[in-house]
Amino acid sequence: MKNYRAIIVEDERLPRLSLLQKLETYHPDIEVVACCESYEDALTAILRHRPDILFLDIQLQGHTTLELLRELKEAIPLPHIIFTTAYSNSEYLLQAIRFAAADYLLKPVDVSDLAKAIRRIEERDAQAPQPAAPSGKVPFRTLNGTLYAGKDEVVYARACGNYSSMMLIEGEEIVLERLGVIESKLGEGHFIRAGRNLLLNRGLIYKVNRRHRSCTLRTPGGQEFCVELSAGGLEAVEKR
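Quick look at the structure:
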């Protein structure tokens with residue numbers, strides 16, 4: 010199964026916590042990156058995290074769901090949307106579903122219905138044509154789209170909460186990927202996990218300074234990058 014990132018938008022605390030618990034228990038491959046209870050918080054979080062799936066309460070206090078969807082659609086491609094609602098025959102619900110080509114779940118959310126909705130998303134993604142990556146490069150999600158990078162272009166990558174800072178030969182990029190995903194995409198044999206939060210390009214390691222607990226990486230063009238290491242990271246580099 011593909012790893013998905015999700016945001017829950019629900020203005021009632023108990024339904025919000027209940028859905029979060031069901032996702033954590035039955036769908037551990039779905040990472041919930043934010044839970045929001047208001048229109049403003051939801052808009053900010055969605056634009057920041059760019060989730061793959063949005064669990065959206067059909068009725069938000071002070072705003073309509075369609076307002077939120079229209080504002081999002083002007084800024085970004087809409088994620089997969091699963092509406093949560095207490096009503097199954099609302100004309101407004103049907104209008105929102107048509108607008109977003111989305112699914113819906115009745116509250117309280119049933120575990121089997123949740124699984125079916127997620128399975129339909131997986132099936133849609135499996136059928137969707139995938140853009141071809143440039144030769145020798147792999148795609149990474151960014152705030153504004155997709156970055157294509159090859160293993161020889163990445164000097165190091167550092168975990169930063171829900172995203173990672175990737176230092177390329179041509180400059181730094183923020184990617185919406187976990188460090189483990191980056192390592193897997195680029196090839197574990199080409200990189201060293203120097204502690205929990207740092208990946209180093211094995212082929213670019215030039216010098217290790219034990220006194221200052223740092224590592225210098227040098228590119229074929231002569232650029233040098235100095236990276237501070239943890240005690241565990243220093244040990245991992247020296248054992249490479």
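Note that this note's numbering has the sequence shown beginning at 10, numbered continuously upward.
Backbone N, C-alpha and C define an ideal beta-carbon position, used for all residues, glycine too.
Identity of the residue in the options nearest residue i by Cα
| i | options | result |
| --- | --- | --- |
| residue 202 | 155, 47 and 246 | 246 |
| residue 205 | 244, 181 and 179 | 244 |
| residue 60 | 91, 236 and 28 | 91 |
| residue 233 | 95, 186 and 216 | 216 |
| residue 67 | 26, 109, 54 and 53 | 109 |
| residue 212 | 200, 174, 29 and 148 | 200 |
| residue 184 | 155, 144 and 178 | 155 |
| residue 254 | 187, 122, 124 and 192 | There is simply no residue 254 to check, as the chain begins at 10 and stops at 249 in what is shown. |
| residue 208 | 222, 17, 168 and 62 | 168 |
| residue 166 | 80, 226, 63 and 248 | 226 |
| residue 50 | 210, 71 and 132 | 71 |
| residue 153 | 28, 242 and 84 | 84 |
Residue i classed as buried or exposed, judged by whether at least 16 other C-beta atoms fall within 10 angstroms
| i | result |
| --- | --- |
| residue 230 | exposed |
| residue 44 | buried |
| residue 224 | buried |
| residue 48 | buried |
| residue 173 | buried |
| residue 196 | exposed |
| residue 26 | exposed |
| residue 241 | exposed |
Residue j beta carbon less than 8 Å from that of residue i
| i | j | result |
| --- | --- | --- |
| residue 117 | residue 24 | yes |
| residue 69 | residue 93 | no |
| residue 40 | residue 14 | yes |
| residue 114 | residue 102 | no |
| residue 32 | residue 52 | no |
| residue 75 | residue 105 | yes |
| residue 36 | residue 171 | no |
| residue 237 | residue 220 | no |
Unbroken beta strand (DSSP E) run spanning residue i, endpoints
| i | result |
| --- | --- |
| residue 220 | Looking at the DSSP string, residue 220 is not in any beta strand (DSSP E), and its letter there is neither H nor E. |
| residue 67 | Taken as a continuous stretch (DSSP letters only), residue 67 belongs to no beta strand (DSSP E), as it is neither H nor E. |
| residue 112 | 112 to 115 |
| residue 181 | 180 to 184 |
| residue 166 | 163 to 169 |
| residue 156 | 154 to 158 |
Cα-Cα separation between residue i and residue j, rounded to whole angstroms
| i | j | result |
| --- | --- | --- |
| residue 182 | residue 176 | 6 Å |
| residue 239 | residue 164 | 18 Å |
| residue 4 | residue 120 | Because residue 4 is not part of the residues shown, which for the chain are 10 to 249, the question remains open. |
| residue 228 | residue 159 | 14 Å |
| residue 136 | residue 130 | 10 Å |
| residue 126 | residue 162 | 39 Å |
| residue 134 | residue 179 | 32 Å |
| residue 218 | residue 198 | 23 Å |
| residue 62 | residue 12 | 11 Å |
| residue 54 | residue 18 | 10 Å |
| residue 128 | residue 111 | 13 Å |
| residue 191 | residue 146 | 12 Å |
| residue 148 | residue 189 | 15 Å |
| residue 96 | residue 22 | 18 Å |
| residue 82 | residue 132 | 23 Å |
Element boundaries [alpha helix (DSSP H), containing residue i]
| i | result |
| --- | --- |
| residue 34 | 22 to 35 |
| residue 101 | 100 to 109 |
| residue 127 | 120 to 136 |
| residue 193 | 188 to 195 |
| residue 53 | 48 to 58 |
| residue 79 | 74 to 84 |
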